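Numbering (the working numbering), first residue to last: 48 to 411. In this text, a Cβ means the ideal position worked out from N, Cα and C, and glycines have one as well. Note that the structure is predicted; figures quoted are calculated from it, not measured. Written below as structure tokens is the structure these notes are about.
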Amino acid sequence: MEDTPLWLITRHRGALQLLCDSRLSTDPRRVGHPFAAMAAHGRQRAGQFIDMDPPEHDYYRKILISEFGYRRARELRPVIERTAHEVLDEFAADGAADLVGQFGYPFSTRVICHLLGVPAEDSAYFHDCTREMIDSFYDSEKLPLARQKLFDYLDSLVGRSERNPSTDTLIGRLAARQRRTGRPDHDSLVGVVFLLLTAGHQTVANMLSLGTYSLLRHPEQLARVRADPGLWPTAIEELLRFHSIVDWVGFDRVATEEIAVGEHTIAAGEGVFVLGASANRDPEAFLDPDVLDIHRDARRHLAFGFGVHQCIGGNIARVELEVGYRALFDALPGLTVAAELDDSCFRYEARTFGMSRFPVRWQP
Ligand code: HEM
48 MEDTPLWLIT RHRGALQLLC DSRLSTDPRR VGHPFAAMAA HGRQRAGQFI
98 DMDPPEHDYY RKILISEFGY RRARELRPVI ERTAHEVLDE FAADGAADLV
148 GQFGYPFSTR VICHLLGVPA EDSAYFHDCT REMIDSFYDS EKLPLARQKL
198 FDYLDSLVGR SERNPSTDTL IGRLAARQRR TGRPDHDSLV GVVFLLLTAG
248 HQTVANMLSL GTYSLLRHPE QLARVRADPG LWPTAIEELL RFHSIVDWVG
298 FDRVATEEIA VGEHTIAAGE GVFVLGASAN RDPEAFLDPD VLDIHRDARR
348 HLAFGFGVHQ CIGGNIARVE LEVGYRALFD ALPGLTVAAE LDDSCFRYEA
398 RTFGMSRFPV RWQP
């Protein structure tokens, strides 16, 4: 087999250019795509619009856009606040916890359950399925089984909604659309829900842990944002830039035609990785990029991507992060890191960087 060159795009300018170039495809079934060997087919591919190009991709964005807009994120805020407090109340009296297992994941999982419309009585099973999948990311024997278990659950949940569509939930509204228009079909609807779940809960959980860790390591910045809560939105953009959790393999593409980038030419059929983390630390785009500065205007960061595939959940993620950080620092006074963190506390989960455990303590 002939080796095909693979391009790594490290600078912010090149990343912006390429992420909105329609000659780059995200479809892993195309020859030369970096993940061509792992491309899903048939049922596993249906509804996975992150791996589709326009116009197929446009359909999914269109049917989901009202579920993820700014207004919807604002409407969800009270539920997100309630969820954060419920999760924190479960361990706030203990004085010590693992923030990943006891806060980041339970909080983001319960929010996504609410967002999708997973019934309360299924939430424990749903939580177990997602946890099992995350824990088996690097186990090639266990991962397909864990994926299948979650897939089967979502398949049955979608089936129930199709039989009895309710406009109270996201799945119900998509099922109602299916009744009216015939689309998205059952498999595509399961695929959409699977994608929203996998893209939406571990990312938020990882940002909550990593952001908390960084703020604890920069107590003067934490004190400033706590004294002036109006700074949270700016601080969150900076934390997103600084950590860039969807890093080097997040933006995998293949060129469908020849593309010039600076003095280089990417040929049709060559694979491209846009290195989001590297672009977000490009000194041409951000002054002193390795410094965390919650006052900087980091809004040009690529932590949510750019172009047609830019994160659909960005508005909701921002609310989850602001609510999560604020609730955490308010509920756990004197929060500190409980033990020296070593490499085992950090990990890659599929395409995202995060923490596997984060021991903390506080004065209960
Ligand atoms: C801090 C949290 C999050 C981060 C850092 C993040 C990051 C990203 C990035 C970088 C992409 C673009 C990938 C690409 O271009 O190939 C993306 C896409 C996506 N994200 Fe997020 N995400 C977050 C939260 C969420 C949430 C809460 C949801 C939904 C509940 C979500 C759902 C999606 C979906 C469905 C896509 C695919 C969009 C498309 O292909 O049109 N994400 N995300």
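Between the beta-carbon of residue i and the beta-carbon of residue j, is there less than 7 Å?
{"i": "Val301", "j": "Ile56", "result": "no"}
{"i": "Tyr485", "j": "Phe115", "result": "Outside the shown range of the chain, which is 48 to 411, sits residue 485, and nothing can be said about it."}
{"i": "Ala193", "j": "Ser183", "result": "yes"}
{"i": "Glu317", "j": "Pro81", "result": "no"}
{"i": "Ile218", "j": "Gly142", "result": "no"}
{"i": "Glu369", "j": "Ile283", "result": "yes"}
{"i": "Leu201", "j": "Val240", "result": "yes"}
{"i": "Arg70", "j": "Ala86", "result": "no"}
{"i": "Thr130", "j": "Asp98", "result": "no"}
Less than 6 Å between the CB of residue i and some heavy atom of the ligand HEM, yes or no?
{"i": "Ala246", "result": "yes"}
{"i": "Leu242", "result": "yes"}
{"i": "Ala120", "result": "no"}
{"i": "His342", "result": "no"}
{"i": "Val450", "result": "Outside the displayed span of the chain (48 to 411) sits residue 450, for which this structure offers no information."}
{"i": "Ala167", "result": "no"}
{"i": "His161", "result": "no"}
{"i": "Ala350", "result": "yes"}
{"i": "Met254", "result": "yes"}
{"i": "Ile97", "result": "yes"}
{"i": "Thr250", "result": "yes"}
By alpha-carbon positions, which one of the options ends up nearest to residue i?
{"i": "Ile363", "options": "Asp74, Ala222, Ala274, Leu243", "result": "Leu243"}
{"i": "Pro102", "options": "Leu375, Val370, Arg404, His356", "result": "His356"}
{"i": "Val126", "options": "Ala274, Lys196, Ile159", "result": "Ile159"}
{"i": "Gly401", "options": "Leu236, Leu146, Ala270", "result": "Leu146"}
{"i": "Arg119", "options": "Ala385, Gly360, Phe393, Leu388", "result": "Gly360"}
Let's see if you can read the secondary structure: which residues bound the alpha helix (DSSP H) around residue i?
{"i": "Trp54", "result": "First-last for Trp54: 53-56, but that is the beta strand (DSSP E), not the alpha helix (DSSP H)."}
{"i": "His161", "result": "152-163"}
{"i": "Asp182", "result": "170-182"}
{"i": "Phe376", "result": "361-378"}
Could you pull the start and end residues of the beta strand (DSSP E) that residue i belongs to?
{"i": "Gly401", "result": "399-402"}
{"i": "Phe298", "result": "298-302"}
For the ligand PLP, any of its heavy atoms closer than 6 Å to the Cβ of residue i?
{"i": "Gly116", "result": "With respect to the ligand PLP, the structure offers nothing, as its ligand set consists of the ligand HEM."}
message = Is it the case that the stretch 149-158 contacts the stretch 125-135, given that we only count it when at least three CB pairs across the two stretches are under 8 Å?
response = yes
Touching or not, the stretch 303-310 and the stretch 63-76, by the rule of three or more beta carbon pairs under 8 Å? yes
| Three or more beta-carbon pairs under 8 Å between the stretch 343-362 and the stretch 277-294, yes or no? | yes
So, does the stretch 329-343 touch the stretch 256-272, judging by three or more C-beta pairs under 8 Å?
yes
Query raised in the report: Between the stretch 208-225 and the stretch 176-191, do three or more beta carbon pairs fall short of 8 Å?
Result: no
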